[in-house]
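Chains as they are written, first to last, in this note's numbering: chain L, 62 to 239; chain S, 62 to 239.
For every residue, glycine included, the Cβ atom is placed at its ideal position computed from N, Cα and C.
What you are looking at is a predicted structure, and each value in this text was computed from that prediction instead of being measured.
Below: one structure, written as structure tokens.
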């Protein structure tokens, strides 16, 4: 892993991307790293593409803003179009299967994240946790043990098993490609 | 209000301060402003004082980190001791009544935030929303209408009425002093 890794999670409001970002950040500290999780809102954010960002580093993080992410997750077309440019040169874009493949110089990985949440786990609202599993398996930015702990710490009481299943389904999706 | 306002919410993990920060940030955008909400984690964060931060501005926010907050909320002694220095010169510190009053050049406002949540609302876990109400009434950084909408958007389904009561109790606590 590089010393500083920037991740941008994008989609629509209500897809739980802030929670996904918090979970990745907390997993990173369980792994002994530093992390900042943030979301920026402007007046244009109402109704538009939403995003949550995570910076993970072995060092203290002085500049917490994501400028050139190594990893972009996009769960909607609108989010992809808004954020698909200006990744790091080795950046990867992870998109849901429901999204049109973009014309881009970056590596694009398309996976049935929302479908897996809806049809295999039975709740489309856990697509965020499936995505966390995908990112973990693909990028190894956090360990599976740490991310599982962070998921169980952070999801609402009573939904732990459901979310654990979603996480494992995400691991499986991601590891086919890693 | 100044052009840029920095708020630091501190306490222990599990007190819901990230959610409080997200609510303040979302209220700010409902008011037509820009906002960034973030939390930083280092290895020392495990078990220690936790914090969530919000920057609100009329302008676009280039530097999202809180360096000299105008408002510090502290819900535990440990958090107060960690964060009580380096506020803005006109900064205020809002502390829970359970905390020892610090020796500090800044204005200190002590209010029964946790007691109000526990004894008046009946759930100590809504202390975070009482605190959001206090900060809103005291600082007017966001409008009451916007913060109420943001609370109702963000709290778990089925807890809306409870959290609305907590918010209004916070307004009352804060307005006695504003």
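- In the DSSP assignment, residue 134 of chain S is bridged to S:70, S:155.
- In the DSSP assignment, residue 96 of chain S falls within the beta strand (DSSP E) that extends over 95 to 102.
- The beta carbon of residue 121 of chain L sits closer than 8 angstroms to the beta carbons of 95 from its chain, once the five residues preceding and following it are set aside; these are given in chain order.
- Among the bridge pairs identified by DSSP, residue 76 of chain S is matched with none.
- Distance from residue 116 of chain S to residue 132 of chain S at the Cβ level is roughly 11 angstroms; contact not present, criterion being Cβ atoms closer than 8 angstroms.
- In this structure, DSSP gives residue 185 of chain S a helical state, which the three-state scheme calls helix.
- Between residue 213 of chain L and residue 224 of chain L, the alpha-carbon positions lie close to 8 angstroms from each other.
- Residue burial is scored here from C-beta neighbours: residue 157 of chain L has at least 16 other C-beta atoms within 10 angstroms and is therefore classed as buried.
- In this chain, the alpha helix (DSSP H) harbouring residue 233 of chain S covers 221 to 236.
- Look at the beta carbons and you see the region 70 to 83 of chain S not touching the region 199 to 209 of chain S: under three pairs across the two are nearer than 8 angstroms.
- Residues of the region 121 to 146 of chain L that bring their beta carbon within less than 9 angstroms of a beta carbon in chain S comprise 121, 122, 123, 124, 125, 126, in sequence order.
- Residues of the region 83 to 104 of chain S whose Cβ lies closer than 9 angstroms to any Cβ of chain L, in chain order: 83, 86, 87, 89, 90, 91, 93, 94, 95, 96, 97, 98, 99, 100, 101, 102, 103, 104.
- Rounded to the nearest whole angstrom, the CA to CA distance from residue 114 of chain L to residue 130 of chain L is 9 angstroms.
- Between residue 192 of chain S and residue 184 of chain S, the C-beta gap is not smaller than 9 angstroms, which leaves the two residues out of contact.
- For residue 212 of chain L, the enclosing alpha helix (DSSP H) covers residues 205 to 215.
- Cα atoms of residue 64 of chain L and residue 104 of chain S: separation of roughly 16 angstroms, rounded to the nearest angstrom.
- Looking at the backbone, the Cα of residue 188 of chain S and that of residue 168 of chain S are separated by about 22 angstroms.
- Close to residue 68 of chain S, with beta-carbon spacing below 9 angstroms, lies no residue of chain L; the smallest spacing is near 14 angstroms.
- Of L:109, L:99, L:70, the smallest CA-CA separation from residue 148 of chain L is found for L:70.
- Nearest Cα to residue 164 of chain L within the set L:110, L:182, L:142: L:142.
- Not a single C-beta of chain L is nearer than 9 angstroms to the C-beta of residue 190 of chain S.
- In the three-state scheme derived from DSSP, where H, G and I count as helix and E and B as strand, residue 64 of chain L is classed as coil.
- A residue is called buried when at least 16 other Cβ atoms come within 10 angstroms of its Cβ; residue 87 of chain S meets this threshold and is buried.
- Taking a Cβ-Cβ threshold of 9 angstroms, the residues of chain L close to residue 79 of chain S are 79, 83, 98, in chain order.
- Between residue 159 of chain S and residue 234 of chain S, the alpha-carbon positions lie close to 15 angstroms from each other.
- When C-beta distances to chain L are compared with 9 angstroms, the residues of the region 215 to 239 of chain S below that value are 217, in chain order.
- Taking the CA atoms as reference points, residue 93 of chain S sits about 19 angstroms from residue 99 of chain S.
- Shown here for residue 170 of chain L: same chain residues with a beta carbon closer than 8 angstroms to its own, the five before and five after excluded, namely 153, 154, 155, 156, 199, 238 in chain order.
- Taking 9 angstroms as the cut-off, the beta carbon of residue 66 of chain L is found no closer than this to the beta carbon of residue 206 of chain L.
- Ranked by how close their Cα comes to the Cα of residue 228 of chain S, the residues S:209, S:119, S:217 have S:209 in first place.
- Of the other Cβ atoms in all chains shown, fewer than 16 fall within 10 Å of the Cβ of residue 219 of chain S; this residue is therefore exposed.
- Straight-line measurement puts the Cα of residue 127 of chain L at about 33 angstroms from the Cα of residue 181 of chain L.
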